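In what follows, a structure is listed as structure tokens, so that the remarks can point back to it.
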Amino acid sequence: MKIKSESDMLARLEQREAELEVINSVQEALASNINLEGIYDLVGERLRNLFDAQVTGIYSFDHETGLEHFQYLFEDGERLYPESRPLNNIRKWIIDNKSILHIMEDADDAIFEITGEKHVAVPGTRLPKTLLFVPLIVGDTVMGCVSLQNLDRDHAFSESDVQLLSTLSNSMSVALENARLFDETEQRNAELAVINSVQQGLVAEMDMQGIYDLVGEKVRVLFDAQVVIIATFNYESKQEHFQYLFENGERVQPDPRPYDKIRQRLINTQKLISIEENAKEAFTTITGEAPTAVPGTQFPQSMVFVPLVVGDTVRGYVSLQNLDREHAFSESDIRLLSTLANSMSVALENARLFNETEQRNAELAVINSVQQGLVAEMDMQGIYDLVGDRIRDLFDAQVTGVVTFNHDDKTEDWKYLFEDGARMYPNIRPYDKIREKIINEKSTLNIAENVAQILSEIKGEKIKPVPGTRLAKSLLYVPMIVGDEVRGYLTLQNNDREHAFNESDVRLLSTLTNSMSVALENARLFSETNRLLAETEQRNAELAVINSVQEGLVREMDMHAIYKLVGNRICEVLNTQTMLIRTFDHDKELETWEYAIENGEQLQIEPRPFIWANKHLIKTKEALLINEDYIETAKNYGDTEKGVSKGLPPKSAIFVPMIVGDKVVGSISLQNVEKEHAFTESDVRLLTTLTNSMSVALENARLFNETTRLLNETEQRAAELQTVNNISKAMVSQLEFDALIKLVGEQMRETFKADIVYLAIHDLKTDMLHFPYYYGDVAESRPFGNGITEKIILKKEPLLVNHDLEEAYEKIEAEKKGEMVESYLGVPIIAGKKSIGVISVQSKEQENRFTESDQRLLTTIAANVGIAMQNAEAYQKLQAALTDLRSAQEQLVQQEKLASLGQLTAGIAHEIKNPLNFVNNFSELSLELVEEMEHEIREMRREMEGKKSPLEGGSERSEQGDDRTKIPNHPQNIVTDSDSSNTPLPSESPEQAGLNPLSRGEAGSSPQMDLILEILDDIEMNLKKIHEHGTRADGIVKSMLQHSRGGSGKMEPTDINDLIKEFVNLSFHGMRASKNPINVDLVFELDESIGKVPLIAEDFSRVIINLSNNAFDAMREKVTSKDPQGFENLGGLDDYLPKLTLQTHQKDSTITIEIKDNGPGIPEEMKDKILQPFFTTKKGTLGTGLGLSITNDIVKAHGGSLDIHSKSGEFTQFRIMIPV
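With UniProt numbering applied, the sequence shown covers 1 to 1220.
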């Protein structure tokens, strides 16, 4: 037993000696190694060889970031390099307890018990069975740990292993701390050396860019960074300017760019920003947006931004960026960079102050020299040249300009312009929005970059340079201000680079501009005094000329004599080479040369379109003076003829408008073909005064000629009226169509003594052109084509051709039909709004046979023919309708024993309804036309009576009777269907309607007028009979339709929009012909994209008629009743305008029809009953109560639905929805 104890003791001693030997060898190696990485590798290799462990690891802890870094990791014979990872609970336990953690068995359970988490292996390794962790403690801080792990067996490490590992760990902790302190000392010494060398360089450098380059190069050499940036901030433009940028061994010079939120944070906090890892995520967190690299660079992995602070302002920053790895910059790197940035900030501020002092001295010298020159100069152009030349020598600008404004015509004049070494002389041009900005804001405009973009934003359009120049990259405008007015500006422009002008340049140019403004004002006042003296003498001479011309004008009443008098006098006084007097025809846009002379030779020119100058005069009503660059100026005003109408192009010109009232009636022009600046402002003034005098004289002559013409025209009108009376009397006696046509033709032949007379009728149904009357030639019916007759029908306008008929055919692109003649007159026959035919008279042998008076007379006759033809046609259709009605009544009697009359009444309605509606509608229309004709005759008589001499009372009668708005039935006062007030019924007489436009006993009436009125009374009586019988027939048909309850039952494709328009209009005209008509505004809002829809047309038309009739009845009740029973809140009936709105639209496979009136609405208590059979709100026998019930049944039979929306007192809307 004793022997065994001694043996164990000996073994322990040997083990102890071996451990001490290991410890000594490790400590010796550590003492000779001051490199951190070397210490980790040395200890790791020794531990791997000493212990029975497949895993040997040395870890360091970063307590700020909460990460552990794998300094040494060996597993199963292979060196591993895992990424850093967050400290897990095992590491946190070691840090908190500062003691060894030895897990000999059940490793997973033990770790779970300690950490509360499942044991997870380092990526690329296996989970161990035995674990030993020994902390590396420096002072009171756990800086890391050493770990041995056996992957195969439990209890792999003995107590001696733990003791040995603890001893080695303690030794390594001491060695690591010594190495860290040594590195920091060395780093500090190196930093001080760098700082000293940089500061020495900064002391000797006063150029700011030199400072940027010096510091940039030093920083690039010192630090492990692929990117070095030195940038400054421009707070006005909110941009950063890259003064130094180096990336991957190459100097980069990007353009300035707006600074982002990283830079804004530097400015706001004045503290450095260090991003060591996850750079893109950190950037996004700070800025709230995805990162963007400087153009030409890539985004870094590590970044440091150190602000350049001067006083309380961040002037810029210095940045280090590593593109390849995170945690690239240590605390010592950041400290050194901050020190260098502070030194550079001081040096930059010193350099800036030095430069400003030098600049100020130079500016004062320049200002003094310029002001000395200005004091001695009184010529304004001399001042412009003096200042322009000085500025051109002083500044780095390829363009120097001095510009003045003319605020009256809003133009700018370049008094001095120098670009790229050459003096330029641009034309005067309108100033743009850039100049308006200078004028309005009265402040300097300095555009340092993005010139094209900024100028385009100001102007609102793409910028264009001054002709002959190129667009600048830097722009500076300084306004010339006198008092409170901007008289012009000075501009510097650099065409090669941006940011060409600094604050000192702006200040110096502003001072020079102010000095020049004072000098210019002094020179202007001097020139103005001399000008006023000369102008007084000029005015006296002008007055003498004006007086002599006006004396001649007073004696002249002939217009051409006036033109000649003024033209000769102007040529004599102003000694001009070319002088023109032109008058304008605004309707045809033609100018007539009334007087034209060039170099003593008189010119004769045919009327021609307005030239550019006259268009300008008409638009502005102001004189135009052109003293240079005439052709170019003409082009600018839209000229296309190289500035000349006839003869030589001028070099100087004056254009003065002739104005009568508010209208430009002509112009006077003076031109000089030899020299520029031939005319002065006084010439313009004199010519304007003479032109005004001539305008008055011309207007007097025109009024004299007009009076003479009106007297002649009155006699012509009286003769025309007699002819119209004779023809109308003959036509009124005929109601047979063929006899009427023959009568009209004979009357035309006798009236116009024409070689050829024809009357053509267009049959719309067959699209044929018939000639029921043709004298002097033979013409057969033909398809409606492209002849001259067809052109008149289509255009609804008369055609008068007095010569060159073939040319007229070509002009209107018509085919030649029939015999060619020398003179042709054709007018359309108008019925309502349609042209139904043509009346034509022609001469085979004589040109200029027909006059405008003939055209007017034939047009009046054609209008009467249209009315007579409508009456005849309406009479024939009424006779046919009555015959059909009698036949239908006989059939009804024969079928009275049948159980249902629906089929018969439907057939009767189909056969009779359309012609009956035509008769009723056109008889009503004819009544209106008769009323219009009565009015026209009365107006014609008033015109004849009004043109009598004042002694005969003509003038007084004209003044009293010229107010046409007092004539009850004048077209201006006739209320149409869309008006809000009621019109007299067609069946009422003029006396009943309060019209009585012409009483045959009226004073001043002639026998011819009385005869016309008798004829019109006969026409009116016939039309009323037609309308009376038509209305009676319509009532019979409606009564029969009330008994009809079915259609053909056949679904056919139907244009629903056309059906709605047809039957709403049918219902409307039925209402208008009823006992109590009202005016209703029909509004059709129909979806034209809806095609044909399968419907039973006969049935569905009844739906539209029933709903329309109900709407008209409701609106009539609202119009005629002040307090209708059952409806409330109707107020404002005096302003009530009945309106029926019809809408269609299609969505998917459903068509919706909406019929809405603005009547009294339907009370809520009646809505549920309104579709029930026999329910009605109408009094007495006015309704059966079946209309809406039948309507609802028809809609349901089509698979649709009928909905009612109403608001009492405001509207009712029926909505029909039909599936397609």
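Using N, Cα and C, we set each Cβ at its ideal position, and we do this for glycine too. A quick note: this is a predicted structure, and the numbers were derived from the prediction, not measured.
Rounded C-alpha distance that separates residue i from residue j
| i | j | result |
| --- | --- | --- |
| residue 1166 | residue 882 | 41 Å |
| residue 262 | residue 333 | 20 Å |
| residue 244 | residue 422 | 36 Å |
| residue 941 | residue 935 | 10 Å |
| residue 76 | residue 116 | 28 Å |
| residue 640 | residue 567 | 27 Å |
| residue 1208 | residue 1157 | 12 Å |
| residue 479 | residue 439 | 8 Å |
| residue 820 | residue 756 | 11 Å |
| residue 1221 | residue 131 | Outside the modelled stretch of the chain, which goes from 1 to 1220, sits residue 1221, for which no answer is possible. |
| residue 1105 | residue 1058 | 14 Å |
| residue 1247 | residue 1053 | Outside the displayed span of the chain (1 to 1220) sits residue 1247, for which this structure offers no information. |
| residue 746 | residue 760 | 14 Å |
| residue 1039 | residue 924 | The pLDDT assigned to residue 1039 is 47, lower than 50, so where the model puts this residue is not dependable, and the model offers no usable value. |
| residue 1211 | residue 1160 | 6 Å |
| residue 619 | residue 698 | 21 Å |
| residue 1205 | residue 1033 | 36 Å |
| residue 1137 | residue 1079 | 8 Å |
| residue 1168 | residue 1188 | 12 Å |
8 Å contact criterion, which residue i and residue j should meet: CB distance rounded
| i | j | result |
| --- | --- | --- |
| residue 827 | residue 862 | 5 Å |
| residue 329 | residue 302 | 6 Å |
| residue 306 | residue 338 | 5 Å |
| residue 134 | residue 158 | With a Cβ gap of about 14 Å, residue 134 and residue 158 do not count as contacting. |
| residue 240 | residue 257 | 6 Å |
| residue 321 | residue 227 | 4 Å |
| residue 128 | residue 101 | Going by Cβ atoms, the distance from residue 128 to residue 101 rounds to 12 Å, so no, they are not a contact pair. |
| residue 1227 | residue 1220 | This structure leaves residue 1227 out entirely; the chain is present only between 1 and 1220. |
| residue 658 | residue 695 | 5 Å |
| residue 927 | residue 1020 | 7 Å |
Buried or exposed by the 16-neighbour rule on C-beta atoms within 10 Å, applied to residue i
| i | result |
| --- | --- |
| residue 482 | exposed |
| residue 1299 | No answer is possible for residue 1299: it lies beyond the span of the chain, which begins at 1 and ends at 1220. |
| residue 962 | Because residue 962 carries a pLDDT of 42, less than 50, the predicted location of this residue cannot be relied on, and the following value inherits that uncertainty. Exposed: under 16 other Cβ atoms inside 10 Å. |
| residue 290 | exposed |
| residue 292 | exposed |
| residue 577 | buried |
| residue 251 | exposed |
| residue 435 | buried |
| residue 1099 | buried |
| residue 462 | exposed |
| residue 516 | buried |
| residue 68 | buried |
Coil, strand or helix - residue i by DSSP
| i | result |
| --- | --- |
| residue 444 | coil |
| residue 248 | coil |
| residue 501 | coil |
| residue 1177 | coil |
| residue 654 | strand |
| residue 324 | coil |
| residue 450 | coil |
| residue 770 | strand |
| residue 1143 | strand |
| residue 585 | strand |
| residue 74 | strand |
| residue 1067 | helix |
| residue 762 | strand |
Closer than 8 Å: residue i CB and nearest the ligand NAD heavy atom
| i | result |
| --- | --- |
| residue 259 | The ligand NAD is absent from the structure shown, which contains no ligand whatsoever. |
Flag this pair as touching only if the segment 661 to 680 and the segment 581 to 593 have three or more C-beta atom pairs under 8 Å; answer yes or no. yes
Would the segment 736 to 754 count as touching the segment 801 to 820 if we require 3 or more Cβ pairs under 8 Å? Fewer than three Cβ pairs drawn from the segment 736 to 754 and the segment 801 to 820 lie within less than 8 Å of each other, which leaves the two stretches out of contact.
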